[in-house]
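Residue numbers (the working numbering), protein chains in the order written: chain A, 117 to 775; chain B, 222 to 303.
Even glycine gets a Cβ: it sits at the ideal position worked out from N, Cα and C.
Below: one structure, written as structure tokens.
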Amino acid sequence: TTRTPTFLGLDQNAAMLPASDSASDVIVGVLDTGVWPESPSFDDAGFGAVPSSWKGECEIGTNFTKLKCNKKLIGARFFAKGYEATLGPIDESKESKSPRDDDGHGTHTSSTAAGSVVSGASLFGYAAGTARGMAPRARVAAYKVCWVGGCFSSDILAGIDKAIEDGVNVLSMSLGGGMSEYYRDSVAIGSFAAMEKGILVSCSAGNAGPSKYSLSNVAPWITTVGAGTLDRDFPAIVSLGNGKNFSGVSLFKGDSLPGKPLPIVYAGNVSNVTNGNLCMTGTLNPDKIKGKIVLCDRGINPRVQKGSVVKSAGGIGMVLTNTAANGEELVADAHLLPATAVGESTGDAIKQYVFSDPNPTATILFQGTKVGVEPSPVVAAFSSRGPNSITQQILKPDIIAPGVNILAGWSGAIGPTGLAEDGRRVGFNIISGTSMSCPHVSGLAALLKAAHPDWSPAVIRSALMTTAYSSYKDGKLMEDVATGKPSTPFDHGAGHVDPVSALNPGLVYDLLPQDYLNFLCALNYTSGQITSVARRNFTCDAQKSYSVNDLNYPSFSVVVDAQMSSTAGSGSDTVVKHTRTLTNVGPAGTYKASVTSTSDSVKISVDPTSLTFGQSGEKNSYTVTFTVTGMPSNSNEFGRIEWSDGKHVVGSPVAVSWT
Amino acid sequence: AEEGKRTYIVHMAKSAKPAEFEEHRGWYDASLKSVSETAEIIYSYETAIHGFSARLTAAEAEAIESTPGTLSVLPEMRYELH
Chain A
117 TTRTPTFLGL
127 DQNAAMLPAS
137 DSASDVIVGV
147 LDTGVWPESP
157 SFDDAGFGAV
167 PSSWKGECEI
177 GTNFTKLKCN
187 KKLIGARFFA
197 KGYEATLGPI
207 DESKESKSPR
217 DDDGHGTHTS
227 STAAGSVVSG
237 ASLFGYAAGT
247 ARGMAPRARV
257 AAYKVCWVGG
267 CFSSDILAGI
277 DKAIEDGVNV
287 LSMSLGGGMS
297 EYYRDSVAIG
307 SFAAMEKGIL
317 VSCSAGNAGP
327 SKYSLSNVAP
337 WITTVGAGTL
347 DRDFPAIVSL
357 GNGKNFSGVS
367 LFKGDSLPGK
377 PLPIVYAGNV
387 SNVTNGNLCM
397 TGTLNPDKIK
407 GKIVLCDRGI
417 NPRVQKGSVV
427 KSAGGIGMVL
437 TNTAANGEEL
447 VADAHLLPAT
457 AVGESTGDAI
467 KQYVFSDPNP
477 TATILFQGTK
487 VGVEPSPVVA
497 AFSSRGPNSI
507 TQQILKPDII
517 APGVNILAGW
527 SGAIGPTGLA
537 EDGRRVGFNI
547 ISGTSMSCPH
557 VSGLAALLKA
567 AHPDWSPAVI
577 RSALMTTAYS
587 SYKDGKLMED
597 VATGKPSTPF
607 DHGAGHVDPV
617 SALNPGLVYD
627 LLPQDYLNFL
637 CALNYTSGQI
647 TSVARRNFTC
657 DAQKSYSVND
667 LNYPSFSVVV
677 DAQMSSTAGS
687 GSDTVVKHTR
697 TLTNVGPAGT
707 YKASVTSTSD
717 SVKISVDPTS
727 LTFGQSGEKN
737 SYTVTFTVTG
747 MPSNSNEFGR
757 IEWSDGKHVV
767 GSPVAVSWT
Chain B
222 AEEGKRTYIV
232 HMAKSAKPAE
242 FEEHRGWYDA
252 SLKSVSETAE
262 IIYSYETAIH
272 GFSARLTAAE
282 AEAIESTPGT
292 LSVLPEMRYE
302 LH
């Protein structure tokens, strides 16, 4: 990626990052649509021998030989038996029955996590710069489990199975499906086995935001990653005939519009179908849009397809406007015709002009790449939101990372829009999603693993979470683009990842497989359900009291029964206690606790308020007491608990929910 | 024969493997054959889970669920890229 290494502070702090030897011992496995091995992001110049522990392979298949792997791309496998069992044999004229990535998504995610350094990267000149993965010295292993018809759980499990056996250190999965109990969710089950082997599993949170309870991949042994923006934009201004200008974004490259105002029409007025406003295939009347700019509403069909529909119907340009579902979030696309995307309020203003002026005109001015956009990051509207629908006492997402307009490697088999009619081929593409934020965290986890080989997956996640930030340098709270208001821990989890601070977190919250088994006991799982997840006989101790609240998680989610607690202002309080254990991974020191709460309805106290740590590895426990007054059902309040020795700040978000 | 079949992931209790089977794969095969003469293992899993995947009818899936050593039989799920 370009820009994100700087945005995350990696470029400015290169001296703090692990040396080449240790960094190149770390292996990132990516379960996705495969890999385009010819991408310069997988150039192995300067890499030494493949780690001796590696047991993976470079599997052969359609247009893929063993020679496609090298010292950077050290493994490539494909898993299609489950897919073929359901949908029939793969049509090799349409997709490669091999690790080759015909889609682009897998090449994008794997190069984001651990791509080599590539100078002169850009998409049509946009986002130009030196591209690299978050862990450029780490090795990559690609596991193709997703095909044209989707990603099947039998194939995903087979991919995880092999990745564990092969010896990856980090597993990156930018996919998800449904919301199932952990013992029914193949990604959760496979990830448990990986975690037990010391593999950090990073998964995307999903793109179902800003709706509440929209997260996927919420098992506590998975690191769940939401998406935020960068400080980069691709402005393309809509200039109307009435003299007003409006901001939009675009990645269009090609012949610009004529240097004069052009007629602009609303798609809903030039179609004979009820949903003509959406610019769906075959819905626009060519006689009414020829030579004009068409204003289309976002929704239902892909954004870039709308541009293609306008172009094929004779339109000369497109303005794509968000509706209430997307608000003001702008996602840039490499459209096939001059086009720009605008927010809902801008779209409404343009519509008002188009509807009121007898001869409305417009033009689009493409302004290239702009950096230094503030505020940034902001939480992406599409990023899935908590609360956690499976176990509300575990706060998810864990963290956010860059996931909007990310440039990274791309497949040579498909154009940047992914449309069949897009004959362009690019080495890098700019796309958005929690799929893009997940591999950022995967690569950063690889960096931490290289710097601290003895750290467990839970410790690595803790370091990333407790050092994350949720306010800007000026002290203002991080924004949510969906609302324009401050985001909450249900939107950003612990906050935005800060990898340089994560290298030296001071204290961490560790978790062992046994802790997760106790967690499953607290969920009242049957022994069969626990065995399905943990692959071993485990019986919960009937004499022992298990509590979800005591899982040593780096964040706090307090759930209060609104029926049990008093109604607002009427008297008695609910008291909830959580216990945590901190482990020192830094110098000796005394840490003091501080708490904040957004509401008088939630009082937070920590006991003890001071913890002294001697040598590295020393542990200390504390108890947090949440005293909560009555609030109506579905209310939420938030807070934060911090431990600091003056140099390190070990922060944990708090969410309180009345259910 | 494929009509009415779908893919299931069969979770097995590793420790329940009868001694007569040297390898788990042989036990999985025998379990599958006990409910279906035609079904074949798609994948045999070693590390992510203990068990296998296979195409089964709903009745066969129900039958294998009650076979000794079977923990659960989960229908295939389709995931999507984010």
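Below-8 Å beta-carbon distance, A:TYR299 vs any chain E residue: Within the model displayed, chain E is absent; protein chains A and B are what it includes.
Cβ neighbour criterion (16 or more within 10 Å) applied to A:ASN634: buried
Cβ pair A:LEU511, A:GLY502 closer than 8 Å: yes
Which listed residue (A:PRO491, A:VAL744, A:THR339) has its alpha carbon closest to that of A:ALA304: A:THR339
Assigned secondary structure, A:ILE380 (DSSP; H/G/I helix, E/B strand, else coil): strand
Collapsed DSSP secondary structure at A:ILE315 in the structure displayed: coil
Partner residues on chain A for B:SER252, Cβ-Cβ distance less than 9 Å: By Cβ distance, chain A contributes nothing, its closest Cβ being about 16 Å from B:SER252, past 9 Å.
Interface residues of chain A facing B:SER274 [CB-CB closer than 7 Å]: GLY198, SER270
Start-to-end residues for the alpha helix (DSSP H) that takes in A:MET295: Per DSSP, A:MET295 belongs to no alpha helix (DSSP H) and is neither H nor E.
CB contact below 8 Å: A:LEU273 versus chain B: yes
Same chain, Cβ closer than 6 Å to A:GLY611, five either side skipped, listed in chain order: ALA584, TYR585, SER586
Residue-chain proximity (B:TYR264, chain A), Cβ-Cβ < 8 Å: yes
Interface flag, A:SER288 vs chain B, CB-CB below 8 Å: no
Residue environment, A:PHE368, which counts as buried when at least 16 other CB atoms sit within 10 Å: buried
Assigned secondary structure, B:ALA275 (DSSP; H/G/I helix, E/B strand, else coil): strand
Beta-carbon neighbours of A:ALA283, restricted to chain B and to distances below 8 Å: Per the sequence presented here, residue 283 of chain A reads as Gly, with Ala not at that position. Neighbours of A:GLY283 on chain B: none; closest Cβ ~11 Å, over 8 Å.
Rounded Cβ spacing between A:LYS210 and A:VAL284 (contact assumed at less than 8 Å): So it is not a contact: roughly 29 Å between Cβ atoms.
Host alpha helix (DSSP H) of A:GLU460 (start-end): 460-472
Check whether A:ARG696 and A:TYR625 have beta carbons under 8 Å apart: yes
Nearest-angstrom Cα separation, counted from A:VAL744 out to A:TRP526: 50 Å
Helix, strand or coil at A:MET396 according to DSSP, with G and I counted as helix: coil
A:MET132 in three-state terms, based on DSSP: helix
C-alpha distance - A:GLY177 paired with A:LEU183, whole-angstrom precision: 12 Å
DSSP-derived helix/strand/coil call for A:HIS568: coil
Short Cβ contact (8 Å threshold) for A:PRO769 with A:SER648: no
Residues that A:ALA524 contacts on chain B, provided the C-beta gap is smaller than 9 Å: By Cβ distance, chain B contributes nothing, its closest Cβ being about 14 Å from A:ALA524, past 9 Å.
Alpha-carbon spacing of B:SER252 relative to B:ALA282, whole angstroms: 11 Å
Three-state secondary structure assigned by DSSP to A:CYS262: strand
Proximal chain B residues relative to A:HIS221, where beta-carbon distance stays under 8 Å: LEU302
is_contact[A:THR647, chain B] using C-beta, thresh 8 Å: yes
Short CB-CB distance (under 8 Å) between B:SER257 and chain A: no
Stretch pair the region 363-378 of chain A + the region 476-491 of chain A: three plus CB contacts closer than 8 Å: yes
Which residues DSSP lists as bridging A:TRP759, in chain order: A:ALA709, A:VAL766
For A:PRO573, the first and last residue of its enclosing alpha helix (DSSP H): 573-582
For A:PRO167, the three-state DSSP class (helix, strand or coil): coil
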